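Trainee:
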Amino acid sequence: MEEYELGPITGDYPDRRSGDVAPDDIPAHEGFDRAWEDAKEKAASDPEWKKAQPIWVTAEYVARIDITNPGSIGHYSVIITPHGGGT
4 MEEYELGPIT
14 GDYPDRRSGD
24 VAPDDIPAHE
34 GFDRAWEDAK
44 EKAASDPEWK
54 KAQPIWVTAE
64 YVARIDITNP
74 GSIGHYSVII
84 TPHGGGT
């Protein structure tokens, strides 16, 4: 099996560059689902990730919580980091 040097990929919702804040009315799982989809799209468009199929990853879920009354999640991220393993 060929070895590839793959770095982590971060999926975001909403896009960090936009400066937008996630709407208060979506459930947390939907925000993370959208961030996960963004990470998968970024991986699918990366030539190195495409060559290394299949890829075992660790997924880390991160949220920025905005403390207001009531508090809400303002940004969702999913970081996928490749590692060896699997069967």
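Heads up, the sequence shown is in the numbering used here, so the first residue is 4 and it goes up one at a time.
Where is the CB? At the ideal position from N, CA and C, for every residue including glycine.
These figures come from a predicted structure and were not determined experimentally.
Leaving out five residues on either side along the sequence, give the residues of the same chain with a beta carbon under 6 Å from the beta carbon of Thr13.
Mentor: These residues qualify, in order along the chain: Ser80 and Ile82.
Trainee: Using the three-state DSSP reduction, which class does Glu63 fall into: helix, strand or coil?
Mentor: In this structure, Glu63 counts as strand in the three-state DSSP scheme.
Trainee: Compare the C-beta of Lys53 against all C-beta atoms of chain C and say whether one is closer than 8 Å.
Mentor: Structure shown: chain C not included; a single protein chain is present.
Trainee: Taking the beta carbon of Ala47 as the centre, do at least 16 other beta carbons fall within 10 Å, making it buried, or is it exposed?
Mentor: Ala47 is exposed by the Cβ-count criterion.
Trainee: Relative to the C-alpha of Ala42, which residue among Ile70, Thr71, Tyr16 and His78 is closest?
Mentor: Considering only alpha carbons, the answer is Tyr16.
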